[in-house]
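Single-structure report; data block below.
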Amino acid sequence: MSWKGLQFSLLRHGETDGGARFCGSTDVALTDKGWQQMKVSMNDVSPGWDRIISSPLKRCAAFARYFAQQYAIPLSFDERIKEMHFGIWEGRSAEELMAEDADGLTRFWQDPDRYPPQEAERLSSFQARVLAAWNGFIESYGEQRILLVTHGGVIRVLLCHLQEKPIKQLLEIEVKHGSLHILNSRGQSS
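For the sequence shown, numbering that gives the first Met the number 0 gives the first residue as 0, with consecutive numbering after it.
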């Protein structure tokens, strides 16, 4: 599907309360540092977006509301760009999981779709959800400039898709807290 003329920028939420944990569908707030990370990423950018679309989870939604109000940009929320649900790993740190289930965590890191945590959303289902949203945005917004305020997993899925990388390489893509990725039509970010 072509998105020539449509411009996308992807902003990952900043650091969250509770530190480095699997917080997929858990609705945690940003820390003060997390707010700063997002503000710093947006400082050097001209706010020329026509629309902001955000995950409804508060670590994205709070900053999206703030930014939309500051620059009078229309804002909407889309459930499909929420982070992947990590099942029984929700709220747990990698250190805790390494101590309790090192084999399970290692298998997940090697092939996240084949070895998901119990009760988790499968990576392939997550990918399908995110790509359905992406294709919907392309169809709905013509030649607009769109800012997506979302999660690391969503950004990684989109970058894998646009760069034609296998989804199992998802975890090899670095997406720092508060980072802004401005995409061109080949899916490369700057």
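All C-beta atoms in this analysis are idealised placements derived from N, C-alpha and C, irrespective of residue type, glycine included.
Reduced DSSP category for residue i - H, G, I as helix; E, B as strand; rest coil
i      : result
Met0   : For Met0, the pLDDT reaches just 47, beneath the cut-off of 50, and the residue's location in the model is therefore unreliable, although a value from the coordinates is still provided. In the structure shown, Met0 sits in coil (DSSP, three-state: anything other than H, G, I, E or B).
Thr30  : coil
Ser8   : strand
Thr149 : strand
Ser75  : strand
Thr25  : coil
Ser178 : coil
C-alpha gap between residue i and residue j, whole angstroms
i      : j      : result
Gln187 : Arg155 : Low confidence applies here, because Gln187 scores a pLDDT of 49, under 50, leaving its location unreliable; read the following figure in that light. Distance between the alpha carbons of Gln187 and Arg155 is about 12 Å.
Test item: CB-CB of residue i and residue j under 7 Å
i      : j      : result
Ala28  : Lys57  : yes
Ser53  : Ala61  : no
Glu82  : Gly152 : yes
Val129 : Arg11  : no
Gln68  : Gly177 : no
Leu122 : Pro111 : yes
Phe7   : Leu161 : no
Glu142 : Leu9   : no
Glu14  : Lys38  : no
Ile145 : Leu158 : no
Where residue i falls, given that 16 or more other Cβ within 10 Å makes a residue buried
i      : result
Ser40  : buried
Pro165 : exposed
Glu120 : buried
Val148 : buried
Gly23  : buried
Integer Cβ distance of residue i from residue j, believed to fall under 8 Å
i     : j     : result
Arg50 : Ile80 : Not quite, the Cβ-Cβ distance comes to about 13 Å (not below 8 Å), so this is no contact.
Glu78 : Pro55 : 6 Å
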